[in-house]
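Enquirer: My structure is below; once you've seen it, I'll send some questions.
Protein chains: 6
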Amino acid sequence: MRLSARNQVRARVVGVTEGEATANVELDASGVRMVASITVEAARELKLSEGREVVAVIKASDVMLAVPD
Amino acid sequence: MRLSARNQVRARVVGVTEGEATANVELDASGVRMVASITVEAARELKLSEGREVVAVIKASDVMLAVPD
Amino acid sequence: MRLSARNQVRARVVGVTEGEATANVELDASGVRMVASITVEAARELKLSEGREVVAVIKASDVMLAVPD
Amino acid sequence: MRLSARNQVRARVVGVTEGEATANVELDASGVRMVASITVEAARELKLSEGREVVAVIKASDVMLAVPD
Amino acid sequence: MRLSARNQVRARVVGVTEGEATANVELDASGVRMVASITVEAARELKLSEGREVVAVIKASDVMLAVPD
Amino acid sequence: MRLSARNQVRARVVGVTEGEATANVELDASGVRMVASITVEAARELKLSEGREVVAVIKASDVMLAVPD
Numbered sequence: 001m002r003l004s005a006r007n008q009v010r011a012r013v014v015g016v017t018e019g020e021a022t023a024n025v026e027l028d029a030s031g032v033r034m035v036a037s038i039t040v041e042a043a044r045e046l047k048l049s050e051g052r053e054v055v056a057v058i059k060a061s062d063v064m065l066a067v068p069d
Numbered sequence: 001m002r003l004s005a006r007n008q009v010r011a012r013v014v015g016v017t018e019g020e021a022t023a024n025v026e027l028d029a030s031g032v033r034m035v036a037s038i039t040v041e042a043a044r045e046l047k048l049s050e051g052r053e054v055v056a057v058i059k060a061s062d063v064m065l066a067v068p069d
Numbered sequence: 001m002r003l004s005a006r007n008q009v010r011a012r013v014v015g016v017t018e019g020e021a022t023a024n025v026e027l028d029a030s031g032v033r034m035v036a037s038i039t040v041e042a043a044r045e046l047k048l049s050e051g052r053e054v055v056a057v058i059k060a061s062d063v064m065l066a067v068p069d
Numbered sequence: 001m002r003l004s005a006r007n008q009v010r011a012r013v014v015g016v017t018e019g020e021a022t023a024n025v026e027l028d029a030s031g032v033r034m035v036a037s038i039t040v041e042a043a044r045e046l047k048l049s050e051g052r053e054v055v056a057v058i059k060a061s062d063v064m065l066a067v068p069d
Numbered sequence: 001m002r003l004s005a006r007n008q009v010r011a012r013v014v015g016v017t018e019g020e021a022t023a024n025v026e027l028d029a030s031g032v033r034m035v036a037s038i039t040v041e042a043a044r045e046l047k048l049s050e051g052r053e054v055v056a057v058i059k060a061s062d063v064m065l066a067v068p069d
Numbered sequence: 001m002r003l004s005a006r007n008q009v010r011a012r013v014v015g016v017t018e019g020e021a022t023a024n025v026e027l028d029a030s031g032v033r034m035v036a037s038i039t040v041e042a043a044r045e046l047k048l049s050e051g052r053e054v055v056a057v058i059k060a061s062d063v064m065l066a067v068p069d
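Chains as they are written, first to last, in UniProt numbering: chain H, 1 to 69; chain X, 1 to 69; chain B, 1 to 69; chain D, 1 to 69; chain W, 1 to 69; chain A, 1 to 69.
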């Protein structure tokens, strides 16, 4: 499957914090810490646990840019 | 300024494609290609051009995860 | 590839309106009209043109609900 | 009220999973399963429970497209 | 129609910049400048032009917070 | 730090509802009630509690517009 999303970043799951509805998945993307908030249902369906290789998928329209003053 | 966004990735501008309303900013984040779609107004205000150092800021709730079948 | 996104809706491309940066892709999802705004780059890479079968992928956190008064 | 959002899909609530902050609302949209993550506050204010008729509202810029390889 | 979105801000259209696909709508929300990027189709359908009274609708999950260092 | 996000609204924290993963932060923006859903981690890192002055940051592409019928 190919996706229109322009940002596809390889990462490894470091940890998963589950609430009732939402799970925060902490990731290591080649040394850069990232976090994905997904539904608990999805986290379990994809069997996300420490060490799992994933791809972080982000739409270009969801990327904001910051520059130093 | 500190941000609630959990994903803050250092990158360098590779190129900017401007439309009337939207600009697609191509980035190199330590060898990973990323793209941000922002308003043309913002791209000009932040003086984004090739070589500029930026931080790509992404909310955790905007990060989707994919795993191989 | 399996995605964490909870909303995956089969659809057929009806038309594509391209700007410089963004393409609006009109879809027919079993009789329901939908529109996706993606980068022009992505629309061309995925060879989106009338009749193409696609899946519209939407994160649960991007779905708002409305009810009649 | 008319909305700028291009995607407005009629659906019926199938179930609601509430956490402290977020509620995942499972929907049946003419046989297609969808899920909306909204605040618990909103879920209660809109009195969302099984059988309720709703409209799933999604901005075009939040729709990603996937095509088979 | 009632919406699950928690942020509904009254504003007045100040100007509209149209591209082929996207329109940036500049707003005055009680003296605060805001900008909405919507499809050109939506901007025309809602007849958005200078002086028009609108409501800016934003999901809670799309609001990021910043604090001074 | 300057941000590409076009919507930066000054506000004061009114209250924080924490779940396991997500915190809903209720804001008063010059008399307009707003709510931000962020990770609990971020809410604690930014020490968000009643009275704290913040800026609500929203991408233009996340602002939907509504007009009365």
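Beta carbons are placed, not taken as given, at the ideal position from N, Cα and C, and that holds for glycine.
Starting from the N-terminal side, write out each stretch of the alpha helix (DSSP H) that is 4 residues or longer and does not extend beyond the UniProt domain "Mop" (2 to 67) of chain X.
Expert: As far as the UniProt domain "Mop" (2 to 67) of chain X is concerned, its whole alpha helix (DSSP H) runs of at least 4 residues are 40 to 45.
Enquirer: When the Cα of residue 52 (chain W) is compared with those of W:27, W:8, W:58 and W:40, which residue comes out closest?
Expert: Against the fifth sequence, residue 52 (chain W) aligns to sequence position 52. With distances taken between Cα atoms, residue 52 (chain W) lies closest to W:27.
Enquirer: What do you reckon, are the CB atoms on residue 3 (chain D) and residue 4 (chain W) nearer than 8 angstroms?
Expert: One-based indexing of the fourth sequence puts residue 3 (chain D) at position 3. One-based indexing of the fifth sequence puts residue 4 (chain W) at position 4. Taking 8 angstroms as the Cβ cut-off, residue 3 (chain D) and residue 4 (chain W) do not qualify as a contacting pair.
Enquirer: Closest by CA to residue 10 (chain D), which one among B:34, B:17 and B:24?
Expert: Within the fourth sequence, numbered from 1, the residue matching residue 10 (chain D) stands at position 10. Answer by Cα proximity: B:34.
Enquirer: Hey, is residue 39 (chain B)'s beta-carbon within less than 8 angstroms of any beta-carbon in chain W?
Expert: Indexing the third sequence from 1 puts residue 39 (chain B) at position 39. Chain W, which has no Cβ nearer than 8 angstroms to the Cβ of residue 39 (chain B), makes this no.
Enquirer: Is it right to say residue 44 (chain D) is buried, meaning 16 or more other beta carbons lie within 10 angstroms of its own, or is it exposed?
Expert: Taking the first residue of the fourth sequence as 1, we reach residue 44 (chain D) at position 44. Exposed, because fewer than 16 other Cβ atoms sit within 10 Å of the Cβ of residue 44 (chain D).
Enquirer: Taking 8 angstroms as the threshold (beta carbon to beta carbon), is residue 21 (chain H) in contact with chain X?
Expert: Numbered from 1 along the first sequence, position 21 holds the residue referred to as residue 21 (chain H). It does not: the Cβ of residue 21 (chain H) has no partner Cβ on chain X nearer than 8 angstroms.
Enquirer: Distance, Cα to Cα, residue 15 (chain B) vs residue 22 (chain H)?
Expert: Numbered from 1 along the third sequence, position 15 holds the residue referred to as residue 15 (chain B). Numbered from 1 along the first sequence, position 22 holds the residue referred to as residue 22 (chain H). Distance between the alpha carbons of residue 15 (chain B) and residue 22 (chain H): 35 angstroms.
Enquirer: Would you report the Cα separation of residue 56 (chain B) and residue 36 (chain A), rounded to the nearest angstrom?
Expert: Here residue 56 (chain B) is taken as the residue at index 56 of the third sequence, counted from 1. Here residue 36 (chain A) is taken as the residue at index 36 of the sixth sequence, counted from 1. Spanning the two alpha carbons is a distance of roughly 26 angstroms.
Enquirer: Residue 61 (chain B): buried (16+ other C-beta within 10 angstroms of its C-beta) or exposed?
Expert: In the third sequence, counting from the first residue as 1, residue 61 (chain B) sits at position 61. Residue 61 (chain B) is buried by the Cβ-count criterion.
Enquirer: For a cutoff of 8 angstroms on Cβ pairs, would you count residue 14 (chain D) as touching chain H?
Expert: As a working note, residue 14 (chain D) is residue 14 in the fourth sequence. No, residue 14 (chain D) does not count as interfacial toward chain H.
Enquirer: Step through the CB atoms of chain D and report whether any lies within less than 8 angstroms of the CB of residue 4 (chain W).
Expert: Looking up residue 4 (chain W) in the fifth sequence gives position 4. Yes, residue 4 (chain W) counts as interfacial toward chain D.
Enquirer: Please work out which residues of its chain come closer than 7 angstroms, Cβ to Cβ, to residue 18 (chain X), disregarding the five sequence neighbours upstream and downstream, and give them in chain order.
Expert: Reading the second sequence from its first residue, position 18 is the one you call residue 18 (chain X). The residues are 40 and 43.
Enquirer: Is there a C-beta anywhere in chain X that falls below 8 angstroms from the one on residue 64 (chain B)?
Expert: Taking the third sequence and counting its residues from 1, the one referred to as residue 64 (chain B) is at position 64. Not closer than 8 angstroms to any Cβ of chain X, the Cβ of residue 64 (chain B) fails to qualify, so no.
Enquirer: Counting only C-beta atoms, is residue 49 (chain H) closer than 8 angstroms to chain X at any point?
Expert: Walking along the first sequence from the start, residue 49 (chain H) turns up at place 49. Chain X, which has no Cβ nearer than 8 angstroms to the Cβ of residue 49 (chain H), makes this no.
Enquirer: Could you tell me whether the Cβ of residue 45 (chain D) comes closer than 8 angstroms to any Cβ of chain H?
Expert: Position 45 of the fourth sequence, counted from the first residue, corresponds to residue 45 (chain D). Output row for residue 45 (chain D): interface = no.
Enquirer: Would residue 7 (chain D) pass as a contact of residue 58 (chain D) if the rule is Cβ separation under 8 angstroms?
Expert: The sequence position of residue 7 (chain D) within the fourth sequence is 7, counting from 1. The sequence position of residue 58 (chain D) within the fourth sequence is 58, counting from 1. Yes, Cβ-Cβ distance for residue 7 (chain D) and residue 58 (chain D) is below 8 angstroms.
Enquirer: Going by C-alpha distance, which of X:48, X:30, X:1 and X:31 is nearest residue 65 (chain H)?
Expert: Locating residue 65 (chain H) in the first sequence gives position 65, counting from the first residue. Among X:48, X:30, X:1 and X:31, the Cα nearest to that of residue 65 (chain H) is on X:48.
Enquirer: Taking Cβ-Cβ distances shorter than 7 angstroms, what residues in chain D pair up with residue 34 (chain H)?
Expert: The residue labelled residue 34 (chain H) in the question sits at position 34 within the first sequence. What residue 34 (chain H) touches in chain D: nothing, since even the nearest Cβ is about 18 angstroms away.
Enquirer: Please decide whether residue 30 (chain X) counts as near chain W, where near means a Cβ-Cβ distance under 8 angstroms.
Expert: For the purposes of this step, residue 30 (chain X) is taken as the residue at position 30 of the second sequence. Chain W contact via Cβ: absent.
Enquirer: For residue 13 (chain W) versus residue 32 (chain W), is the C-beta distance shorter than 8 angstroms?
Expert: Your numbering for residue 13 (chain W) matches position 13 in the fifth sequence. Your numbering for residue 32 (chain W) matches position 32 in the fifth sequence. Contact: no.
Enquirer: For residue 50 (chain B), which residues in the same chain have their Cβ closer than 7 angstroms to its Cβ, ignoring the five residues on either side in sequence?
Expert: In the third sequence, counting from the first residue as 1, residue 50 (chain B) sits at position 50. Closer than 7 angstroms at Cβ, skipping near neighbours: 13, 14 and 15.
Enquirer: Taking the alpha-carbon positions, what's the residue 68 (chain D) to residue 1 (chain B) distance?
Expert: Along the fourth sequence, one-based indexing puts residue 68 (chain D) at 68. Along the third sequence, one-based indexing puts residue 1 (chain B) at 1. About 10 angstroms.
Enquirer: Residues of chain X with CB under 9 angstroms from residue 67 (chain W), in chain order?
Expert: If you number the fifth sequence from 1, residue 67 (chain W) lands on position 67. Near residue 67 (chain W) (Cβ distances below 9 angstroms), the residues of chain X are 1, 2, 3 and 4.
Enquirer: In whole angstroms, give me the CA-to-CA distance for residue 29 (chain H) and residue 30 (chain X).
Expert: Locating residue 29 (chain H) in the first sequence gives position 29, where the first residue counts as 1. Locating residue 30 (chain X) in the second sequence gives position 30, where the first residue counts as 1. Between residue 29 (chain H) and residue 30 (chain X), the C-alpha separation is close to 11 angstroms.
Enquirer: Taking the C-alpha atoms as reference points, what is the distance between residue 20 (chain X) and residue 54 (chain A)?
Expert: Sequence index remark: in the second sequence, residue 20 (chain X) carries index 20 (1-based). Sequence index remark: in the sixth sequence, residue 54 (chain A) carries index 54 (1-based). When rounded, the distance between both Cα atoms is 32 angstroms.
Enquirer: Show which residues of chain B have a CB atom less than 8 angstroms away from the CB atom of residue 18 (chain X).
Expert: The count along the second sequence starts at 1 and reaches residue 18 (chain X) at position 18. Chain B residues near residue 18 (chain X): 20 and 21.
Enquirer: Among the residues of its own chain, which have a CB less than 8 angstroms from the CB of residue 63 (chain B), if the five just before and after it don't count?
Expert: Sequence index remark: in the third sequence, residue 63 (chain B) carries index 63 (1-based). Cβ within range, chain order: 7.
Enquirer: Taking C-beta pairs closer than 7 angstroms, name the residues in chain B that residue 11 (chain H) reaches, listed in chain order.
Expert: What you label residue 11 (chain H) is simply residue 11 of the first sequence in a count that begins at 1. By Cβ distance, chain B contributes nothing, its closest Cβ being about 13 angstroms from residue 11 (chain H), past 7 angstroms.
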